[in-house]
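Engineer:
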Amino acid sequence: MCRLFAYLGKKTTLAPVMLEPRHSLLVQSYQPQEMTSGLLNADGFGVGWYHPRQDVEPFIYRQILPMWNDVNFTEHLGRYIESTCMLANIRSATPGQAIQLSNCQPFRWGRWLGVHNGFIENFRETLYRPLRDRLGDVCYTMVEGNTDSEHIFALFCNEMLANPQLSPVLVLRQTLQTVLTLAQAWRVRVALNLVFTDGTYLLAARCARPHPIPSLYWWQDAQKCQIASEPLDNSDQWQPLMENTLLLMGANSEPQLYNL
1235 MCRLFAYLGK KTTLAPVMLE PRHSLLVQSY QPQEMTSGLL NADGFGVGWY HPRQDVEPFI
1295 YRQILPMWND VNFTEHLGRY IESTCMLANI RSATPGQAIQ LSNCQPFRWG RWLGVHNGFI
1355 ENFRETLYRP LRDRLGDVCY TMVEGNTDSE HIFALFCNEM LANPQLSPVL VLRQTLQTVL
1415 TLAQAWRVRV ALNLVFTDGT YLLAARCARP HPIPSLYWWQ DAQKCQIASE PLDNSDQWQP
1475 LMENTLLLMG ANSEPQLYNL
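Note that my numbering has the sequence shown beginning at 1235, numbered continuously upward.
(1) In chain order, what are the residue ranges of uninterrupted beta strand (DSSP E) at least 3 long that sit wholly in the stretch 1425-1477?
(2) In chain order, what residues of the same chain lie with their CB nearer than 8 angstroms to the CB of glutamine 1262, ignoring the 5 residues before and after it?
(3) Which residues share a DSSP beta bridge with tyrosine 1241?
(4) Just checking my contact of valine 1403 with tyrosine 1492 at CB under 8 angstroms: how many whole Å lie between their CB atoms?
(5) Leaving out the 5 sequence neighbours to the left and right, which residues in its chain are closer than 6 angstroms to leucine 1416 when beta-carbon positions are compared?
(6) Going by DSSP, which residues form a beta bridge with leucine 1480?
(7) If you run the structure through DSSP and keep just helix, strand and coil, what is valine 1403?
(8) Can you tell me whether DSSP reads threonine 1246 as helix, strand or coil?
(9) For methionine 1476, count neighbouring Cβ atoms within 10 angstroms of its own Cβ and tell me buried if that reaches 16, exposed if not.
(10) Quick check: valine 1424 and arginine 1443, are their CB atoms within less than 8 angstroms of each other?
(11) Output needed for arginine 1440: all residues of its chain with C-beta closer than 7 angstroms, excluding positions within five of it in sequence on either side, in chain order.
(12) For serine 1258, is the classification buried or exposed, using 16 other Cβ atoms within 10 angstroms of its Cβ as the cut-off for buried?
(13) What are the boundary residues of the alpha helix (DSSP H) that includes arginine 1366?
(14) Can you pull the DSSP bridge partners for arginine 1296?
(15) Provide the residue span of the alpha helix (DSSP H) that contains histidine 1385, from first to last.
(16) Rounded to whole angstroms, what is the Cα-Cα separation between tryptophan 1472 and cysteine 1373?
(17) Give me the Cα-Cα distance between aspartate 1289 and leucine 1389, rounded to the nearest whole angstrom.
(18) Between the stretch 1314-1331 and the stretch 1392-1409, do at least 3 Cβ pairs fall closer than 8 angstroms?
(19) Pick from Thr1375, Val1349, Asn1380: whose alpha carbon is nearest that of asparagine 1356?
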């Protein structure tokens, strides 16, 4: 079960938010506390971040090494790269899925980045084909790997293309309902903790069929918005995202919660 992290706020390097907190994403890679399955997140990781120029697509660094083994990231890139928005994932691969860069998150489409923590049970034998059949040519060809996570992200992007009149919140709700409906028809379990961003706000969801739902927390103050699978420290400002809830956060606006 992967762990994820998202940040939006005052410009910072990656290190203070991903590497240095007491229970940072780095620590969660080898000592997670709230995973519902698995022991470690040692099957790769990835980070996406945004350039100040709005016309530049976000950058991605992905690696099949565990985060703790990538000295280039922990000692150099993490302390050099800075941004106002970043999204990251540490991977615990589903048995049978390849350890390769194309299966590491985050995924990117235009200005959008996305990460997923969870699973679709027996994905290749169940929802793999039904999800792919719902993708138009643009989003079908953007899929490079074979994970359920990338197909969910592609479905979200496909829904955005097909429904430009809808807000991203409604697009995400529609995406989740499609996956949940298919899961019910195929009688498989799914866990869908998602975070998407275009660099200006964070959009998150927490749901599963049936229980348990993986953990997901959020924090917003005057300086920043953060979303994480597990709190990065002992601060009481971390709030659990309620089950079957969508969350929209912007740097200069109040958080908005929606029922799925």
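Note that the Cβ used here is the ideal one computed from N, Cα and C, for glycine as well. If you're wondering where the values come from, they're calculated on a predicted model, not measured in any experiment.
Structural biologist: Taking the geometry as given:
(1) Runs found: 1435-1443, 1451-1454, 1458-1462.
(2) Arg1237, Asn1275, Ile1324, Ser1463, Glu1464
(3) Met1320, Gln1460
(4) 6 angstroms
(5) So the list reads Leu1361, Pro1364, once near-sequence residues are dropped.
(6) Ala1439, Tyr1492
(7) helix
(8) strand
(9) By the neighbour-count rule (16 or more Cβ atoms within 10 Å), methionine 1476 is not buried but exposed.
(10) Yes, they are a contact pair.
(11) Excluding residues up to 5 positions away in sequence, Asn1427, Ile1447, Leu1450, Leu1475, Glu1477, Thr1479 lie with their Cβ nearer than 7 angstroms to the Cβ of arginine 1440 in the same chain.
(12) With 16 or more Cβ atoms within 10 Å of its Cβ, serine 1258 is classed as buried.
(13) 1362-1367
(14) Gly1280
(15) 1382-1396
(16) 35 angstroms
(17) Roughly 24 angstroms between the two C-alpha positions.
(18) no
(19) The shortest C-alpha separation from asparagine 1356 is found at Asn1380.
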